[in-house]
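See below for the structure under consideration.
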Amino acid sequence: MTTKSVSIRRARRDDVAAIVAMLADDHLGRTRERVEDPLPDVYYEAFERIMRDSNLQLVVAESEGRVVGCLQLAILPGLSSQGGSRGLLEDVRVASDCRSRGIGEQLVQWAVTEAKARGCNLVELLTHQTRIDAQRFYKRLGFTASHVGMTVRF
1 MTTKSVSIRR ARRDDVAAIV AMLADDHLGR TRERVEDPLP DVYYEAFERI
51 MRDSNLQLVV AESEGRVVGC LQLAILPGLS SQGGSRGLLE DVRVASDCRS
101 RGIGEQLVQW AVTEAKARGC NLVELLTHQT RIDAQRFYKR LGFTASHVGM
151 TVRF
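Number 112 in the UniProt record's numbering belongs to position 112 of the sequence shown; there are no gaps in the numbering.
As structure tokens, this is what we get:
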């Protein structure tokens, strides 16, 4: 099944509630996010910080006027790999009723193309070890399990 028309664009402030709802729409997100009406100010403050940083891009997939997917791309300059920059994908989400329609693939392809255009020599991401479907999805798109990720929470 394919989506009629999906456009990928930079997120706007009025997209934040839809983005947070997608972030909260799984077993891990429900423990991390606060989907309330009104949405807590911390989300809008974070959105403004993202918009001010030229190395961060928060984009949404929109279909028929509705936000149905999102991702954040960070461009990380570095010294390793001969001074190459890398793209870091975060918060790739598709609305639960719109999955398996190619939207996630379009978002990731957009991010890879954007990272290349911005001079990155690789794109990497982390996905939680319990997100087996997400791991299969990324492998299908050419990503390989190459590192062990570790986290410290505060």
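Quick reminder that beta carbons are idealized off the backbone N, C-alpha and C, glycines included.
- In this structure, the CA atom of GLN57 is about 15 Å from the CA atom of PRO77.
- 9 Å or more divides the Cβ of LEU79 from the Cβ of LEU107.
- Restricting attention to GLU124, ARG10 and ASP37, the CA atom closest to the CA of GLY69 is found in ARG10.
- The alpha-carbon of GLN129 is positioned some 27 Å away from that of VAL42.
- Closest in C-alpha terms to LEU141, from the list TRP110, GLY84, GLY149 and ALA117, comes TRP110.
- The continuous alpha helix (DSSP H) containing SER81 extends over residues 80–83.
- Under DSSP, SER63 shares a beta bridge with VAL6 and ARG66.
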